[in-house]
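As you go down the protein sequences, you meet chains A and B in turn.
Counting in the working numbering, the final residue of the first sequence is number 539, and the numbers go up one at a time with none missing.
Counting in the working numbering, the final residue of the second sequence is number 1289, and the numbers go up one at a time with none missing.
Using N, Cα and C, we set each Cβ at its ideal position, and we do this for glycine too.
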Amino acid sequence: MKDFWKSGDPFVWLTGAMLALSLLMVTGLVTLVLVNGLGFFWPRGVERLVLDDGTVVVGEVSEREAIPAPDAPLGTPAEYRLQVKRGNRDVEGSDFLWIDEARIARRERPADVVVLERREWGNFYGEISALRQADRAVATGPAEAWAALEGRLSEALRLHEEIFSIEKGEIGANNHAQERLRLRLRGRELRGARDGAEIDAAHREIASLQAAYQQSVERLTRLRQGQNERLVATIAGGREVEIPLDKIVRAYRPNRMGAFAKAGFYATKLWEFVSADPRESNTEGGVFPAIFGTVMMVMIMSVLVTPLGIVAAVYLREYAKQGPFVSAVRIAVNNLAGVPSIVFGVFGVGFFIYTIGGTVDRWFFPEALPTPTFGTGGILWASLTLALLTVPVVIVATEEGLAAVPRGVREASLALAATKFETTWRVVLPAVLPSILTGLILAMARAAGEVAPLMITGVVKLAPALPLDGFFPFFHFERKFMHLGFHIYDVGFQSPNVDVARPMVYMTTVLLLTIVLFLNLTAILLRNRLRRRLQVSAV
Amino acid sequence: METAVTERGWNFKVKPARQSSEQHSSGAVRGTPAAGAAPRTLIQIRGLGLRYGEKAALEDIDLAIPQRRVTAFIGPSGCGKSTLLRCLNRMNDLVDDVRVTGEILLDGVNIYDRRTDVVALRQRVGMVFQKSNPFPKSIYDNVAYGLRIAGARRKNALDAAVEKSLKSAALWDEVTDRLRASALALSGGQQQRLCIARAIAVEPEVILMDEPCSALDPIATAKVESLIHELSQRYTIVIVTHNMQQAARVSDLTAFLYLGKLVEVGSTEKIFTARDKRETEDYITGRFG
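As structure tokens, this is what we get:
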């Protein structure tokens, strides 16, 4: 037995088993997320359930589970119940319904069931009977109404798009211009100027902008009057409802769709998810602003953390006299990585936002006060906070790289009449680049997944505008932004309709993982290219 | 051997006009030190001592190094020969806790003067190390490094200087078609010759060589040795070697160090045939070391 232990075999098994366990846990987590997330957009068949008391329920069967029966004697066969997504929240009050299987008299899949994805109140499930324009019926009967709906929906969507672009584009730009003029006037006022040609010109300009605004509003009203088509539909139970066409995002009949149609539908939904704005308090639509916010924040963070980390590491390793003090600093830096991230968040609020941001506001944006410009959470402060959070990682990685640069190379450079700075800059740092990138990869992975400090330094549930847009100066570092990690928390735990939102949580997680993977792969490829260039041959 | 001592002439940036320029073309005939005129002393070491903390590494060294000759430092491990070599371009400054006493005069100027510009000194005194240490850059960039540090930017001038240096280091033919390839892909011997090319690219007056062949195979060693021979017509070379045969083959002057002291110095011929001191005798005949 002793020999067996000495042989080392059990140790090899142990190491292998531990690795396998870790891999199993990671793959298990990823698989769980993928399975729950990726199936979400696949259109499921709609069933019509007739219960023993004659009630009819139409919807998607989303789950089946055993009914817990703690008092039943052992060996009793379990009873099951179904979770049905019947939608029609406006009428029924909730999206989901639990039905005991024992109560179901009949299950069928009627071909004519229509699912409407709406801008409000979630999905509609039921049958359509007519399409009306104003008070006139355009089509009657399920088949005719469906054909008419298919024809007119794209026009209705285009109209909606136009209204949206006027609201967002024209009126948005107008408001932006007015706000800037107002701020300029206020600035002049603060400096004591109350009249003069310039101020009159600004007032005239504001007046003309107001006129333009009125015109836009009138156009909007006209366009809205054009949205007078309504769909007459019947929900399970025979109740008739009218749905305005401009409230419909998408209409489909899942029971008539083939595999290809479903695949196409899936692709459209997936594209909507990554490219569109969220709807219905983030539980529907896309997450594009959150993707954008996450990536932009990580980029800004990288730009800030890299020089900071490199410079600190260079000082610690190249210039500081090694001794107990430097060792203490090094330990402190390493321990900084163990400080709870929320503490960094609090520091960010106290120092960056209130102290620095407040000062910046007083000096550079006094005309906007008391509305803070930089004195409130924003993408710059969030990125800075995360840069602080991740700087130890970069410092440690860079220091290790610096320690690995052979002394001979430094001496060679110095012997060629280079100063220490030239040696560091031209020989040592290029050789350390791969290590720096390793540190950056770790820092980015950590930053992309961090939520707690962001919640108090600038992330919001719904940001009205992206931090990068067409208005000068294009990058708006003071703006609040959306973030995938916070999105997961918000949709999963702060949403009024958790059952509907749950698949979104998984999908958002998949997306966040993909983005982190993508950012890391980019950095790894870059590092490998550098490594090849610097490859050290064994002599 | 006389030295013209210029007091306070610490500014090495003003390079004294190299007396070599005429001799270059006319070809200073090289022979045993006995033959021809006695060479001028370029470096004069006077009463040099060096301590690492409490430990004395060098004590009271007096030595004159002649211009455009090869001077070899020999001695057993730990005798201080590398330390002495590194004093000549002040590489020891990098080590913590080093104290140097005495003086080293280069062209009559003390390089350990407080006001000495170390960078300017190292432009005049180049160095080749024991382990070849090319930068992780291309062959071209390695050779051009010192020139760029010195401020050279014009591509034509750099190209010409790189070619000249590589030719002088007898490496040009082997790398001419891959100047942009990584220097680390070269063989050990090639790397060492590249380091020599890199050192001579900045046109120093003195080249210090710290056991340049200790990591090389016999063929590569032979190449480097013949290179040293070539270079000594234009440069003052100081070489530290462990290998007695090598000292005998390449040097004109040999200094034997033992336990941090200079035991004996003289023409190589003399040291290897008729040395005065007992320790030298023992070392050279292989009784210790």
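Q: Run down chain A in chain order and give the residues with a C-beta less than 8 Å from the C-beta of residue 1089 of chain B.
A: 415
**Q.** Cβ contact check for the segment 1048-1059 of chain B and the segment 1219-1227 of chain B: 3 or more pairs under 8 Å
**A.** no
Q) Helix or strand or just coil, what does DSSP make of residue 1110 of chain B? A) strand
Q. Apart from the five residues on each side of it in sequence, which residues of its chain come closer than 8 Å, Cβ to Cβ, to residue 1110 of chain B?
A. 1010, 1103, 1104 and 1116
Q: Find out if the Cβ-Cβ distance for the pair residue 432 of chain A, residue 390 of chain A is shorter than 8 Å.
A: No, Cβ-Cβ distance for residue 432 of chain A and residue 390 of chain A is not below 8 Å.
Q) Which whole-angstrom value is the C-beta distance of residue 274 of chain A and residue 117 of chain A, which I expect to be below 8 Å? A) Between residue 117 of chain A and residue 274 of chain A the Cβ distance is about 17 Å, and since that is not below 8 Å, they are no contact.
Q) Residue range of the alpha helix (DSSP H) that residue 489 of chain A falls in? A) For residue 489 of chain A, the enclosing alpha helix (DSSP H) begins and ends at 484-493.
(Q) Closer than 8 Å is the cut-off here; do at least three beta carbon pairs connect the segment 453-460 of chain A with the segment 339-351 of chain A? (A) yes
Q.
Excluding the 5 residues flanking residue 1268 of chain B on each side, which residues of the same chain have their C-beta closer than 8 Å to its C-beta?
A. 1072, 1247, 1248, 1251, 1252, 1253 and 1254
**Q.** N-terminal and C-terminal residue of the beta strand (DSSP E) that residue 1059 of chain B is part of
**A.** 1055-1066
Q: Spell out whether any CB of chain B is found under 8 Å from the CB atom of residue 422 of chain A.
A: yes
Q: Inspect the beta-carbon positions of residue 1240 of chain B and residue 1276 of chain B and report whether they are closer than 8 Å.
A: no
Q.
Quick check: the Cα distance between residue 25 of chain A and residue 1166 of chain B, rounded to an integer number of angstroms?
A. Approximately 58 Å between the Cα atoms of the pair.
Q. Do residue 380 of chain A and residue 478 of chain A have their C-beta atoms within less than 8 Å of each other?
A. If you check the CB distance, residue 380 of chain A and residue 478 of chain A come in under 8 Å.
Q) In three-state DSSP terms, what is residue 417 of chain A? A) coil
Q | Run of the alpha helix (DSSP H) containing residue 305 of chain A, from where it starts to where it stops | A | Residues 288-314.
Q. Can you tell me whether residue 476 of chain A is buried or exposed, with buried defined as 16 or more other CB within 10 angstroms of its CB?
A. buried
Q) Counting pairs of Cβ atoms below 8 Å between the segment 1187-1195 of chain B and the segment 1168-1178 of chain B, do you hit three or more? A) The segment 1187-1195 of chain B and the segment 1168-1178 of chain B touch, with no fewer than 3 CB-CB distances between them shorter than 8 Å.
(Q) Going by the DSSP bridge assignment, what does residue 425 of chain A pair with across the sheet? (A) Bridge partners of residue 425 of chain A: none, in fact.
(Q) Can you pull out the residues from the segment 384-406 of chain A whose beta carbon lies closer than 8 Å to at least one beta carbon of chain B? (A) 406
**Q.** Cβ pair count under 8 Å reaching 3, the segment 423-443 of chain A against the segment 392-412 of chain A
**A.** yes
Q. Are there three or more Cβ pairs, one per stretch, closer than 8 Å when the segment 44-54 of chain A is compared with the segment 242-256 of chain A?
A. yes
Q | Beta-carbon proximity check, residue 523 of chain A vs residue 437 of chain A, cutoff 8 Å | A | yes
Q: Pair every Cβ in the segment 173-185 of chain A with every Cβ in the segment 197-210 of chain A, then say whether three or more of these pairs are closer than 8 Å.
A: Segment contact: the segment 173-185 of chain A against the segment 197-210 of chain A, three or more CB-CB distances shorter than 8 Å; contact assigned.
Q) Helix or strand or just coil, what does DSSP make of residue 148 of chain A? A) helix
Q: Report yes or no: is there a C-beta of chain B within less than 8 Å of the C-beta of residue 323 of chain A?
A: no
(Q) Can you give me the C-alpha to C-alpha distance between residue 1175 of chain B and residue 1226 of chain B, rounded to a whole angstrom? (A) 19 Å
Q) Anyone know if the C-beta pair for residue 445 of chain A and residue 394 of chain A falls short of 8 Å? A) No, they are not a contact pair.
Q: Kindly say whether residue 1149 of chain B, judged by its beta-carbon, lies nearer than 8 Å to any beta-carbon of chain A.
A: yes
Q) Do you know offhand how far residue 1235 of chain B's Cα is from residue 1206 of chain B's? A) 6 Å
Q: Name the one or two DSSP bridge partners that residue 206 of chain A has.
A: According to DSSP, which records beta bridges pairwise, residue 206 of chain A is partnered with nothing at all.
Q.
Looking at the secondary structure, which residues open and close the beta strand (DSSP E) in which residue 1196 of chain B lies?
A. That residue, residue 1196 of chain B, is in no beta strand (DSSP E); its alpha helix (DSSP H) goes 1188-1201.
Q) Who are the Cβ neighbours of residue 531 of chain A in its own chain at under 6 Å, not counting the five residues just before and after it? A) 434
Q. At least one CB of chain A closer than 8 Å to the CB of residue 1209 of chain B: is that the case?
A. no
Q: Give a yes or no on whether the minimum CB-CB distance between residue 320 of chain A and chain B is below 8 Å.
A: Not an interface residue.
Q) Would a C-beta distance cut-off of 8 Å place residue 1074 of chain B and residue 1042 of chain B closer than the cut-off? A) no
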